[in-house]
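J.:
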Amino acid sequence: MSDRPPVLTMTAISKFFPGVRALDGVDFRLFPGEVHALMGENGAGKSTLIKVLTGVYGADAGTITLDGAPVSFSGPMQATAAGVSTVYQEVNLCPNLSVAENIFIGRQPGRLGSVRWREMRRRASALLARLDLDIDVGELLGNYSLAVQQMVAIARAVDVQARVLILDEPTSSLDSDEVAQLMRIMRQLRDEGIAILFVTHFLDQVYGIADRITVLRNGRLVGEYPTAELPQFALVEKMIGKELDTLERLDERAGRDRAAVEAAAPVVEATDLGRSGSVAPFSLTIHRGEVVGLAGLLGSGRTEVARLFFGADRADQGRLAVDGRPASIRGPIAAIERNIAFCSENRRTEGLVGELSVRENIILALQAARGWLRPVPRRRQDELVRRYIEALSIRPADPDMPVRNLSGGNQQKVVLARWLITEPRLLILDEPTRGIDIGAKTEIQRLVVQLSDDGMAVLFISAELEEVLRLSHKVAVMRDRHLVTELANDESLDAERVMRVIASGAEQKERDEA
Amino acid sequence: MSTTELTGRLARPARWRLPRRQVPVLVSLALLLVMYAIGVSQYRAFSNIQVIFNVFIDSGFLLVVAVGMTFVILTGGIDLSVGSVVAMTAMVSAALLREGMPSALVLLIALLIGPTLGFLMGCVIHFFEIQPFIVTLAGMFFARGLCTWISSVSIPITDGFWTGAAQERIRIGENFVTVSVLVTIAVVAVAAYTLAYTRLGRNVYAIGGNPQSALLMGLPVGRTRIAVYTISGLCSAIGGILLSFYTLSGAPLIAVGMELDAIAAVVIGGTLLTGGAGYVLGTVLGVLVLGVIQTLITFDGTLNSWWTKIVIGGLLFAFIVLQRLLGFRKK
Numbered sequence: 001m002s003d004r005p006p007v008l009t010m011t012a013i014s015k016f017f018p019g020v021r022a023l024d025g026v027d028f029r030l031f032p033g034e035v036h037a038l039m040g041e042n043g044a045g046k047s048t049l050i051k052v053l054t055g056v057y058g059a060d061a062g063t064i065t066l067d068g069a070p071v072s073f074s075g076p077m078q079a080t081a082a083g084v085s086t087v088y089q090e091v092n093l094c095p096n097l098s099v100a101e102n103i104f105i106g107r108q109p110g111r112l113g114s115v116r117w118r119e120m121r122r123r124a125s126a127l128l129a130r131l132d133l134d135i136d137v138g139e140l141l142g143n144y145s146l147a148v149q150q151m152v153a154i155a156r157a158v159d160v161q162a163r164v165l166i167l168d169e170p171t172s173s174l175d176s177d178e179v180a181q182l183m184r185i186m187r188q189l190r191d192e193g194i195a196i197l198f199v200t201h202f203l204d205q206v207y208g209i210a211d212r213i214t215v216l217r218n219g220r221l222v223g224e225y226p227t228a229e230l231p232q233f234a235l236v237e238k239m240i241g242k243e244l245d246t247l248e249r250l251d252e253r254a255g256r257d258r259a260a261v262e263a264a265a266p267v268v269e270a271t272d273l274g275r276s277g278s279v280a281p282f283s284l285t286i287h288r289g290e291v292v293g294l295a296g297l298l299g300s301g302r303t304e305v306a307r308l309f310f311g312a313d314r315a316d317q318g319r320l321a322v323d324g325r326p327a328s329i330r331g332p333i334a335a336i337e338r339n340i341a342f343c344s345e346n347r348r349t350e351g352l353v354g355e356l357s358v359r360e361n362i363i364l365a366l367q368a369a370r371g372w373l374r375p376v377p378r379r380r381q382d383e384l385v386r387r388y389i390e391a392l393s394i395r396p397a398d399p400d401m402p403v404r405n406l407s408g409g410n411q412q413k414v415v416l417a418r419w420l421i422t423e424p425r426l427l428i429l430d431e432p433t434r435g436i437d438i439g440a441k442t443e444i445q446r447l448v449v450q451l452s453d454d455g456m457a458v459l460f461i462s463a464e465l466e467e468v469l470r471l472s473h474k475v476a477v478m479r480d481r482h483l484v485t486e487l488a489n490d491e492s493l494d495a496e497r498v499m500r501v502i503a504s505g506a507e508q509k510e511r512d513e514a
Numbered sequence: 001m002s003t004t005e006l007t008g009r010l011a012r013p014a015r016w017r018l019p020r021r022q023v024p025v026l027v028s029l030a031l032l033l034v035m036y037a038i039g040v041s042q043y044r045a046f047s048n049i050q051v052i053f054n055v056f057i058d059s060g061f062l063l064v065v066a067v068g069m070t071f072v073i074l075t076g077g078i079d080l081s082v083g084s085v086v087a088m089t090a091m092v093s094a095a096l097l098r099e100g101m102p103s104a105l106v107l108l109i110a111l112l113i114g115p116t117l118g119f120l121m122g123c124v125i126h127f128f129e130i131q132p133f134i135v136t137l138a139g140m141f142f143a144r145g146l147c148t149w150i151s152s153v154s155i156p157i158t159d160g161f162w163t164g165a166a167q168e169r170i171r172i173g174e175n176f177v178t179v180s181v182l183v184t185i186a187v188v189a190v191a192a193y194t195l196a197y198t199r200l201g202r203n204v205y206a207i208g209g210n211p212q213s214a215l216l217m218g219l220p221v222g223r224t225r226i227a228v229y230t231i232s233g234l235c236s237a238i239g240g241i242l243l244s245f246y247t248l249s250g251a252p253l254i255a256v257g258m259e260l261d262a263i264a265a266v267v268i269g270g271t272l273l274t275g276g277a278g279y280v281l282g283t284v285l286g287v288l289v290l291g292v293i294q295t296l297i298t299f300d301g302t303l304n305s306w307w308t309k310i311v312i313g314g315l316l317f318a319f320i321v322l323q324r325l326l327g328f329r330k331k
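Heads up: the sequence lines are chains Z and E, in that order.
Residue 1 is where the first sequence starts when you use the UniProt record's numbering, and the numbers rise one by one after that.
Residue 1 is where the second sequence starts when you use the UniProt record's numbering, and the numbers rise one by one after that.
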């Protein structure tokens with residue numbers, strides 16, 4: 001690999017924003033026929049580096065060479081024309097057009113200004129066949145899964161004779177089979193000699209495919225390493241720049257104080273609570289200071305359970321008691337009145353108002369609980385917001401920054417702060433750490449532990465079993481919309497056992513169907 | 001899991017696949033056929049092919065305007081100025097002809113006014129990022145105001161070319177069509193070709209599907225957006241000329257509300273109001289549906305002509321609900 005000259009070299013790239021040194025003398029190189037992972041926490045400068053490369057931003061210092069010749073792109077269009085294509089996390093194609101058209105629009109094969117549809121479909125089929133994707137190119141793009149759409153986006157990118165392909169978190173919304181498919185295509189393109197710059201938060205994907213890793217931290221280059229020579233923990237250490245002792249300390253606490261917690265008064269008790277078509281009747285008790293983990297596959301009914309507790313969906317059977325008294329929670333407002341808080345998994349669409357500032361977003365739920373006729377005094381707002389920005393280390397620590405300018409992890413912390421400020425007794429966290437970097441993840445996990453130590457009951461939903469096991473006193477396992485069992489989180493419980501419980505149900509179901 | 005198996009699983013379109021893109025158009029076609037069948041079963045004269053030709057003769061100008069509107073709606077926009085531009089075109093033609101200007105020159109000027117106004121509105125919409133609704137509403141008042149400024153009363157047209165075009169009957173067997181019908185057919189053909197086979201046309205669909213993506217895919221979004229309002233202006237101008245052939249006059253208050261008829265025809269023709277899906281052929285069917293309703297009510301003789309509006313209203317509701325249902329399945 002290294003015997004060939006790099007296709008792309010970025011040397012001493014610096015980029016300043018008012019008050020921020022986004023990139024500071026970063027070097028980066030990319031060889032033909034390699035997958036190169038660009039790693040770093042949120043705010044480390046990955047996105048900025050990509051934007052400088054593709055011409056969205058101009059660099060304040062440094063040079064970029066493509067095939068040895070210095071280049072400076074005026075924008076993504078020009079970069080694409082020069083062979084540097086980008087595929088973004090959100091699929092930027094038109095769902096109302098056919099697959100073939102999405103690949104070729106803007107450069108359709110034609111004669112005298114007339115689009116030659118048959119030629120276009122033929123070439124699209126050939127191109128997708130090269131990616132080993134056998135789909136009907138005449139079908140509307142919107143009729144295919146997100147994974148296929150993502151691959152069509154890649155097909156569009158590589159058709160323009162791309163020599164450099166930038167994949168910016170392409171796997172965030174794909175399931176594991178789809179990720180495998182995408183990886184296969186990446187390998188194939190790599191073998192054809194395309195240089196792939198891969199940005200992702202998933203460490204196992206990096207170790208599954210990347211040949212080399214470049215790590216950034218706080219806008220500076222930490223180093224470039226062959227993947228084989230950089231063990232995972234070393235990578236994480238380099239990314240967050242501190243020892244992993246916090247995570248380890250958390251690990252020790254699993255199973256601690258379980259007896260004490262179970263002796264505490266229950267905050268909520270669900271008895272045969274259910275909703276037809278959504279979740280089968282289940283019983284679950286959450287005590288003061290207890291963290292209950294909810295494990296299960298995607299679509300197993302985890303979120304649905306949370307929505308029943310919060311009143312976002314109404315139960316049509318069973319009983320729910322809050323503080324020992326029967327309660328019928330008719331909607332989120334009733335839940336908030338009973339001090340139940342719910343951080344939804346879609347923080348962008350259901351949780352935050354992007355245009356409002358950090359302060360306004362944090363105050364929102366408190367204000368709603370007080371009613372709009374009694375505004376929270378500004379001084380009290382400032383004080384509360386300052387306290388939570390500090391406690392959750394929200395960065396940048398500027399209460400007047402619009403929330404949409406924050407990174408994913410920090411947005412998640414703002415959502416958390418908003419609910420914490422109402423001092424809930426039951427906090428429901430639905431995938432609070434998905435898509436955020438390891439540092440923010442650790443902070444959120446530490447916060448959950450601290451909150452439960454202070455007596456808050458927490459229902460913690462996550463697809464990552466390690467995380468569930470690290471935090472929970474007990475783990476409730478969901479399977480096919482049934483709560484199948486509760487497992488006490490003691491020394492004998494590990495991820496494998498939980499997985500067996502999740503999986504054994506699947507086996508049983510197959511037998512039933514057979 | 002093997003690779004082929006995986007590809008098979010992933011590649012299968014999801015189970016809730018959209019009905020074929022043509023479904024709304026087929027619904028319009030079925031509706032038209034049902035109405036025609038009702039007409040034929042009720043009235044013997046209805047089966048005369050001239051009835052269909054008359055629909056084209058009587059609503060050719062509406063069809064031309066609706067074709068322009070189709071371009072705009074496909075991008076997700078709207079053009080409220082078309083009725084006023086139609087009136088203004090007829091008005092300017094009548095006024096200039098009265099002054100004794102040669103008819104060829106009048107034709108050229110009349111055909112330039114509409115697209116110019118459309119171009120300007122498109123520029124405002126694109127460069128200042130203002131809602132098309134507001135911009136074209138302003139255009140509507142502006143053009144209507146100009147009509148009344150030119151003359152507050154109707155101006156008759158006596159020019160030889162105009163009267164010739166109005167009275168010329170082109171025989172087809174036992175029946176006939178007018179010059180307007182030929183112009184209309186030409187406009188429809190050119191528009192259908194443009195949307196299906198040119199980059200401009202495909203860009204119109206892309207912008208209607210997702211303007212943000214269209215921009216990132218490197219498509220000329222601004223140019224296309226300005227183009228569709230210019231095209232709509234041109235179609236309104238042609239519609240205005242056809243209307244002046246039909247009425248042989250220019251009147252300040254003619255074609256009031258025609259923008260709404262055009263929008264109704266486009267929607268009944270199966271084009272999504274949110275943009276990105278629809279066909280010129282659908283718009284033709286939409287205009288025919290409106291024309292056949294009108295004819296049915298004329299044939300009946302006892303019904304008030306406002307029944308036309310009531311039926312159109314009901315159909316519009318039905319089609320918008322249909323669009324919504326199809327849209328829901330998309331999610």
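From the three backbone atoms N, C-alpha and C, an ideal C-beta is built for every residue, glycine too.
Determine whether the beta carbon atoms of L356 of chain Z and I421 of chain Z lie at a separation below 9 angstroms.
T.: no
J.: Return the chain-ordered list of same chain residues with a C-beta closer than 8 angstroms to the C-beta of N203 of chain E, the five sequence neighbours on each side being excluded.
T.: A214, L219, P220, V221 and T224
J.: Mind checking A488 of chain Z: buried by the 16 CB within 10 Å criterion, or exposed?
T.: exposed
J.: Considering only residues of the same chain and omitting the five flanking positions on each side of R156 of chain Z, which have a CB-CB separation below 6 angstroms?
T.: I103
J.: Across which residues does DSSP place G293 of chain Z in a beta bridge pair?
T.: Z:F460 and Z:V475
J.: The alpha helix (DSSP H) spanning N410 of chain Z covers which residue range?
T.: First-last of the alpha helix (DSSP H) with N410 of chain Z: G408 to L420.
J.: Take the Cβ of Y193 of chain E as the centre, count every other Cβ of all protein chains shown within 10 Å, and call the residue buried at 16 or more, exposed below.
T.: exposed
J.: Using DSSP with H/G/I as helix, E/B as strand and the rest coil, what is D134 of chain Z?
T.: coil
J.: Beta-carbon within less than 6 angstroms of I154 of chain Z's beta-carbon, same chain only, minus the 5 sequence neighbours each way: which residues are those?
T.: V87
J.: Tell me the rounded alpha-carbon separation between D494 of chain Z and L26 of chain E.
T.: 58 angstroms
J.: Of all Cβ atoms in chain E, is any one closer than 9 angstroms to the Cβ of E237 of chain Z?
T.: no
J.: Does the distance from the CB of L8 of chain Z to the CB of I50 of chain Z come in under 9 angstroms?
T.: no
J.: Nearest chain E C-beta to Y88 of chain Z closer than 9 angstroms, yes or no?
T.: yes
J.: Please confirm whether V52 of chain Z has its beta-carbon closer than 9 angstroms to some beta-carbon of chain E.
T.: no
J.: How long is the line joining the alpha carbons of I113 of chain E and R44 of chain E, rounded to whole angstroms?
T.: 45 angstroms
J.: Alpha carbon to alpha carbon, how far is T485 of chain Z from F282 of chain Z?
T.: 10 angstroms
J.: My output table needs one value for D490 of chain Z: the three-state DSSP class, helix, strand or coil.
T.: Coil at D490 of chain Z, not helix or strand.
J.: Mind listing the chain Z neighbours of Y197 of chain E? Cutoff is C-beta to C-beta under 9 angstroms, in chain order.
T.: G110, G113, S114, V115, R116 and W117
J.: Measure the Cβ-Cβ separation of V115 of chain Z and T70 of chain E and say whether it is below 9 angstroms.
T.: no
J.: When you compare only the Cα positions, how much space is there between I155 of chain E and L253 of chain E?
T.: Cα-Cα distance, rounded: 12 angstroms.
J.: Looking only at C-alpha atoms, which of Z:S300, Z:G274 and Z:R325 sits nearest to A315 of chain Z?
T.: Selection Z:S300, Z:G274 and Z:R325 evaluated against A315 of chain Z yields Z:G274 as nearest (Cα-Cα).
J.: So which residues of chain Z does A214 of chain E contact, with C-beta pairs closer than 7 angstroms?
T.: Against A214 of chain E, the close residues of chain Z are C94, in the order they occur along the chain (beta-carbon pairs closer than 7 angstroms).
J.: Under 7 angstroms between beta-carbons, which chain Z residues line up against A277 of chain E? List them in chain order, please.
T.: Correct list: N96.
J.: For the candidate residues Z:R470, Z:L294 and Z:L131, whose alpha-carbon lies nearest to that of G491 of chain Z?
T.: Correcting the residue type first, residue 491 of chain Z is Glu in the shown sequence and not Gly. Ranking Z:R470, Z:L294 and Z:L131 by Cα distance to E491 of chain Z puts Z:R470 first.
J.: Suppose you measure from the CA of Q381 of chain Z to the CA of V353 of chain Z; what does that come to, to the nearest Å?
T.: 17 angstroms
J.: In the segment 217-229 of chain E, which residues sit with their C-beta less than 7 angstroms from some C-beta in chain Z, listed in chain order?
T.: M217, G218 and L219
J.: Between Y229 of chain E and G139 of chain E, what straight-line distance do the alpha-carbon atoms span, to the nearest angstrom?
T.: 11 angstroms
J.: What number of angstroms, rounded off, separates the C-alpha of K75 of chain Z from the C-alpha of T54 of chain Z?
T.: It is Gly, not Lys, that sits at residue 75 of chain Z in the sequence shown. Between G75 of chain Z and T54 of chain Z, the C-alpha separation is close to 6 angstroms.
J.: When every heavy atom of the ligand GTP is checked, does at least one fall within less than 8 angstroms of the C-beta of S85 of chain Z?
T.: With respect to the ligand GTP, the structure shown offers nothing to examine, as it has no ligands at all.
J.: I need the DSSP call for L303 of chain E, collapsed to helix, strand or coil.
T.: coil
J.: Under a CB-based cut-off of 9 angstroms, is R446 of chain Z close to chain E?
T.: no
J.: Under 9 angstroms, Cβ to Cβ, is there at least one residue of chain E near E243 of chain Z?
T.: Its pLDDT being 47, under 50, E243 of chain Z is placed unreliably in this model, and the coordinates cannot settle the point.
J.: Spell out whether any CB of chain E is found under 9 angstroms from the CB atom of residue 516 of chain Z.
T.: Here chain Z comprises residues numbered 1 to 514, so residue 516 of chain Z is not present and cannot be evaluated.
J.: Among residues of its own chain, excluding the 5 on either side of N361 of chain Z, which ones have a beta-carbon nearer than 7 angstroms to its beta-carbon?
T.: L352, V353, V403, V414 and R418
J.: Does the distance from the CB of H473 of chain Z to the CB of E290 of chain Z come in under 9 angstroms?
T.: yes
J.: Whether or not the segment 145-154 of chain E and the segment 73-92 of chain E are in contact is what I'm after, with contact meaning three or more pairs of Cβ atoms, one per stretch, closer than 8 angstroms; do they touch?
T.: yes
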